[in-house]
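Have a look at the structure below before the remarks.
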Amino acid sequence: MDKSYNAVMSRKNEIMKKALGIDYEKYKISDISFDYEMMMDDVGYSINEIADIQKQSKVGNTPLYYLSNVTKLIRKYSPKGKGAKIYLKDEAANASGSFKARRASLSVYEAFKRGYKGVIAATSGNYGAAVASQAAMRGLKCIIIQEVFDSKYVGQPEIVEKSRICDAMGAEVIMSSVGPELFYSLLSALEDTGYFNASLYTPYSIAGIETLGWEVINQIRKLEGRDPDYIVVTHAGGGNITGTARGVLKYKLEFKPHNNTEFVACSVDLSGLHMASDIDFNKKSFTTGHTGFGVPFAQWPDRADTPRNAARPLRYMDKYLTVTQGEVFYATEMLAALEGIERGPAGNTSLAGAINLAMNLDQDAIVVVQETEYTGAGKHPQAQLSFAEKNGIKILRGNPEDCINGKTIVLPRNLSDFQYKEIDLKKLKMSYLENLVANFPKVKMLEEDFEFLSNDINEETKWIKETIFNILSEHKNGK
Amino acid sequence: MVKKGEWVKIEKIILKPEERTAKIPEETKKVPYVVHINGFLQEDAELGDEVTIVSRIGRTHKGKLIEEKPSFKHNFGDFVPQLVDISIELKKELEEINKIK
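Right, dumping it as structure tokens:
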């Protein structure tokens with residue numbers, strides 16, 4: 014068989030169909046729209062059944078901690094009477110050390126049940142460890158494909174650690190240089206082995222996270238007798254906020270809803286650094302949870318390695334905050350110094366956003382930070398900051414706003430220096446619609462398409478129609 | 600010479616610079632797209648030779664032998680003074696808050 018790059022890429026659709034075992038055609042309504050809820054329902058397990066499957070494989074039921082010292086410190090810097098309570102869901106307690114174990118658990122279980130001999134995932138994040146860990150438990154073979162090093166063979170300490178943990182769990186790790194051609198490596202391995210594509214973006218992966226949202230509400234009601242006002246979610250590909258929100262909404266539907274809960278996405282701002290650049294690759298201190306994934310995946314979820322992406326963040330996102338690398342490192346240090354728990358930096362992105370958010374809320378408000386990740390060699394502020402320094406990045410103390418990505422990392426002087434930026438959701442939604450027009454230039458839109466879009470970006474049909482009209486007229490005018 | 604059966608790392612060039620067509624920055628286009636895989640060497644060889652390995656899950660791969668007994672050498676990095684400062688400052692702040700109350 015011709016295994017050249019072009020030959021394998023041309024067989025993309027057939028390879029994916031075989032490797033996912035999901036007939037996406039079934040959910041198709043038109044070229045544009047599909048039945049998202051039907052696709053999610055076809056996962057076929059209730060939340061309780063998912064929780065049982067996860068329990069078998071050391072996933073879920075993670076602790077929810079009240080961060081009393083962090084809350085005290087936030088109140089020191091808050092206006093009088095302000096400073097919400099901060100709770101932290103310690104997802105590092107899952108089998109592979111992050112919430113990604115939830116995503117992998119159902120996918121690997123499904124692969125096992127359907128008789129696949131192994132699973133494959135292309136990811137440089139914690140998801141690789143999660144798939145490798147779940148595969149180890151289910152007795153399946155595992156291949157993880159990761160973008161690890163630049164053209165000088167230098168790898169980010171955080172990613173090198175992720176290679177190590179996959180290796181430790183018994184996976185074959187295909188470590189690649191920088192580039193989106195990673196996708197070729199994924200397709201090629203799927204074709205060679207016939208293994209299951211444990212993609213981050215299947216309905217199984219998203220349904221697996223629903224238990225997280227469910228647990229948060231269940232736990233917080235026992236502790237506080239009400240629902241959180243905000244749940245802050247580290248945002249990259251969109252799965253975390255989608256799955257968490259779905260779990261929360263399912264809980265509120267089954268038991269009666271209390272007060273409203275808003276879903277806040279939070280990413281590390283890496284603007285100015287190109288995700289596919291061989292030079293910028295090692296100038297980033299964060300390899301996940303950043304705007305390089307968070308923004309494009311919100312603007313167009315169907316850029317994933319599945320025909321339709323089950324992670325659809327704009328459906329659920331009420332706010333989207335960005336924080337700087339320096340703020341996240343400071344928050345990580347704070348968690349260790351004040352709360353006695355040392356966790357990996359990337360997972361603390363949402364904690365950094367929550368600090369500033371809590372400062373402007375009443376003291377009886379509740380903010381839940383819904384994840385942590387394990388720490389260790391490489392995944393540690395000292396490892397990442399000293400690596401940054403070696404790559405010519407200056408480490409400073411001061412106002413994080415003054416940082417220049419790729420040149421400086423500015424660690425706050427104290428909590429008063431924390432200041433998230435908010436991304437305008439309307440602008441994100443406009444970009445989504447621009448992508449829609451670009452992807453389907455000649456398609457005549459039907460009423461059901463507008464209904465789909467209205468759900469998919471959580472907007473009024475009227476605004477969507479006007480915006481698309483404006484985009485089309487700009488195109489006509491040659492803009 | 601590297602002995603048959605040794606745990607080694609190979610490099611496979613998937614795309615030469617001129618074959619890279621994806622929308623990527625110029626600096627990335629100038630270099631090949633390569634992958635590294637670890638496994639057991641199937642024949643005695645020298646570094647730089649084209650060899651065959653069997654990975655830990657039993658798959659066979661061919662590529663250039665680039666490392667003998669590869670291991671992970673990442674660590675906790677060098678001393679970063681700012682982190683110690685931040686930790687001490689935060690503990691002091693908490694102590695003061697607790698004194699007031």
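First to last, the sequence lines map onto chains A and B. The numbering used here puts the first residue of the first sequence at 14, with every later residue one more than the last. The numbering used here puts the first residue of the second sequence at 600, with every later residue one more than the last. All residues carry an ideal CB built from backbone N, CA and C; glycine is no exception.
- Taking 8 Å as the threshold, the shortest C-beta distance from Tyr-387 of chain A to chain B does not fall below it.
- If only uninterrupted beta strand (DSSP E) runs of at least 3 residues are considered, those enclosed by the stretch 315-393 of chain A are 332-336, 379-382.
- For Gly-391 of chain A, the C-beta contacts it makes with chain B under 7 Å involve His-673, in order along the chain.
- The Cβ-Cβ distance between Gly-366 of chain A and Val-245 of chain A falls below 8 Å.
- Across the structure, Lys-68 of chain A and Lys-41 of chain A are spaced so that their CA atoms are roughly 34 Å apart.
- If you keep only unbroken alpha helix (DSSP H) runs of at least 4 residues inside the stretch 98-172 of chain A, you get 113-126, 140-151.
- For His-488 of chain A, the uninterrupted alpha helix (DSSP H) segment begins and ends at 474-489.
- DSSP places Met-188 of chain A within a strand segment (E or B) once states are collapsed to three.
- Contact between the stretch 377-395 of chain A and the stretch 352-361 of chain A is present: three or more C-beta pairs spanning the two stretches fall below 8 Å.
- By the criterion of a C-beta distance shorter than 6 Å, Ala-184 of chain A is surrounded in its chain by Ala-145, Cys-155, Ile-157, once the five residues flanking it on both sides are discounted.
- Cβ-Cβ distances below 6 Å link Lys-71 of chain A to Ala-108 in the same chain, with the five nearest sequence neighbours on each side left out; the list follows chain order.
- Nearest CB-CB separation between Val-630 of chain B and chain A: below the 8 Å threshold.
- Within the stretch 604-673 of chain B, the runs of beta strand (DSSP E) that reach at least 3 residues and sit entirely inside it are, in chain order, 606-614, 632-640, 649-653, 659-667.
- Contact between Thr-627 of chain B and Asp-291 of chain A holds, since their C-beta atoms are separated by about 4 Å, short of 8 Å.
- Considered as a whole, the stretch 184-265 of chain A harbours 195-206, 216-220, 223-237 as its complete alpha helix (DSSP H) runs of no fewer than 4 residues, in chain order.
- By the 16-neighbour rule on beta-carbons within 10 angstroms, Val-261 of chain A is buried.
- Looking at the DSSP output, Cys-179 of chain A sits in no beta bridge, so it has no partner there.
- If you draw a 10 Å sphere on the C-beta of Glu-123 of chain A, you find 16 or more other C-beta atoms in it, and that means buried.
- In the three-state reduction of the DSSP assignment, Ser-686 of chain B falls in the helix class, which pools H, G and I.
- In this structure, A:Gly-131 is the residue among A:Gly-491, A:Tyr-166, A:Gly-131 with its C-alpha nearest to the C-alpha of Arg-151 of chain A.
- Against Thr-651 of chain B, chain A offers no close residue; the least beta-carbon distance is about 15 Å (beta-carbon pairs closer than 9 Å).
- Below the 7 Å Cβ cutoff, chain B contributes no neighbours of Phe-306 of chain A, its closest Cβ being approximately 16 Å away.
- Using a 10 angstroms sphere on the CB of Phe-268 of chain A, the tally of other CB atoms stays under 16, which defines it as exposed.
- Contact between the stretch 242-256 of chain A and the stretch 319-338 of chain A is present: 3 or more CB-CB pairs across the two stretches fall below 8 Å.
- For Leu-693 of chain B, the nearest beta carbon of chain A is closer than 8 Å to its own beta carbon.
- Short of 7 Å from the beta carbon of Met-51 of chain A, and not among the five residues preceding or following it, lie these beta carbons of its own chain, in chain order: Tyr-40.
- Residue environment for Arg-127 of chain A: exposed (fewer than 16 other C-beta atoms within 10 angstroms of its C-beta).
- Secondary structure at Tyr-90 of chain A: coil, using DSSP grouped into helix, strand and coil.
- Here DSSP, grouped into helix, strand and coil, assigns Tyr-433 of chain A to coil.
- DSSP places Leu-409 of chain A in the strand class (E or B) of the three-state scheme.
- From the beta-carbon of Asp-291 of chain A, the residues of chain B found nearer than 7 Å are Glu-626, Thr-627, Val-630.
- Chain order gives the chain B residues near Ser-189 of chain A as Ile-613, Tyr-632, Val-633, Val-634, His-635, where near means a beta carbon separation below 9 Å.
- With a cut-off of 8 Å on Cβ pairs, the stretch 206-223 of chain A is in contact with the stretch 318-330 of chain A, counting three or more such pairs.
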